[in-house]
Amino acid sequence: MNTIDEIIRFNRNYVEAKAYEPHLTDKYPDRKLAVLSCMDTRLSLLLQEALGLKNGDAKIIKNAGAVIPTPWDSAMRSLIVAVYELGVEEIMVVAHSGCGACHMSFGHFREEMLERGVPEANLVRDDIDLDAWLEGFHDPETSVRNTVASIKEHPLMPATITVRGFIMDSATGELTEIV
Numbered sequence: 005m006n007t008i009d010e011i012i013r014f015n016r017n018y019v020e021a022k023a024y025e026p027h028l029t030d031k032y033p034d035r036k037l038a039v040l041s042c043m044d045t046r047l048s049l050l051l052q053e054a055l056g057l058k059n060g061d062a063k064i065i066k067n068a069g070a071v072i073p074t075p076w077d078s079a080m081r082s083l084i085v086a087v088y089e090l091g092v093e094e095i096m097v098v099a100h101s102g103c104g105a106c107h108m109s110f111g112h113f114r115e116e117m118l119e120r121g122v123p124e125a126n127l128v129r130d131d132i133d134l135d136a137w138l139e140g141f142h143d144p145e146t147s148v149r150n151t152v153a154s155i156k157e158h159p160l161m162p163a164t165i166t167v168r169g170f171i172m173d174s175a176t177g178e179l180t181e182i183v
């Protein structure tokens, strides 16, 4: 049995047992907070626990590296929706130690894509610069500063929104603010 089938079986049992009841809430974040964080598996539970967040407290948006690579990407769209539709007043950018996005590059992915059968023709695009799109970052603190600035300076983001950046220790959950 594959992982997705195992998850589906677990889900059926979860719903039948009404195990969801302690997590019932509405769509509005109780703490008027959005958190942009990395998708790293070490942060799956650690992020919310280390921040003292329970279900319903915040909108959690995750991507590779906790970055806003372009002003109109999906993470920025989610933050804009969180502010205007869901009442978010504060945004935390939370990167973490040992992030794999520090070493990302299209050059590395390119070889893996070719090995996995992606045609060479698909790797040359007129509509997007794949080098820039798949480039990671080399300094987490600079990345957090750039992401915070991208959010604050976005033409659709109201100046009244508080935006602060942090790096979380991937093992302990300790936050260090980046100013």
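All residue numbers for the sequence shown refer to my numbering, where the first residue is 5 and numbers rise by one. Heads up, the beta-carbon is just placed ideally off N, CA and C, and yes, glycines get one too.
F110 has its alpha-carbon roughly 35 Å from the corresponding atom of L90. If you ignore the 5 residues before and after T180, its C-beta comes within less than 7 Å of the C-beta of F170 and I171, all in its own chain and listed in chain order. Under the criterion of beta carbons closer than 8 Å, V71 and T151 qualify as touching, at roughly 5 Å.
For D143, the closest alpha carbon among the candidates H107, V39, A163 and H158 is that of H107.
The DSSP assignment places complete alpha helix (DSSP H) segments of no fewer than 4 residues inside the segment 98-162 at 110-119, 134-137 and 144-156, in order along the chain. CA-CA distance, V39 to K63, rounds to 6 Å. Linking L127 to G121 through their CA atoms gives a straight-line distance of about 11 Å.
Boundaries of the alpha helix (DSSP H) harbouring N15: T7 to E20, taken from the DSSP string. When the beta-carbon positions are compared, L47 and H100 come within less than 8 Å of each other. Ranked by how close their Cα comes to the Cα of E94, the residues G102, H112, D34 and M117 have D34 in first place. In the structure shown, E93 adopts coil according to DSSP, grouped into three states. By the 16-neighbour rule on beta-carbons within 10 angstroms, L118 is exposed. The beta-carbon distance between N59 and H27, rounded to whole angstroms, is 4 Å. This is short enough to meet the 8 Å contact definition. Around S174, the same chain offers R46, H100, S101 and G102 as residues with beta carbons nearer than 6 Å, after the five sequence neighbours per side are excluded. Minimum Cα-Cα distance from L138 among the listed residues D61, R114 and D30 corresponds to R114.
A direct Cα-Cα distance of roughly 11 Å separates M80 from P159.
As DSSP reads the structure, S41 sits in a beta bridge with K66 and V98.
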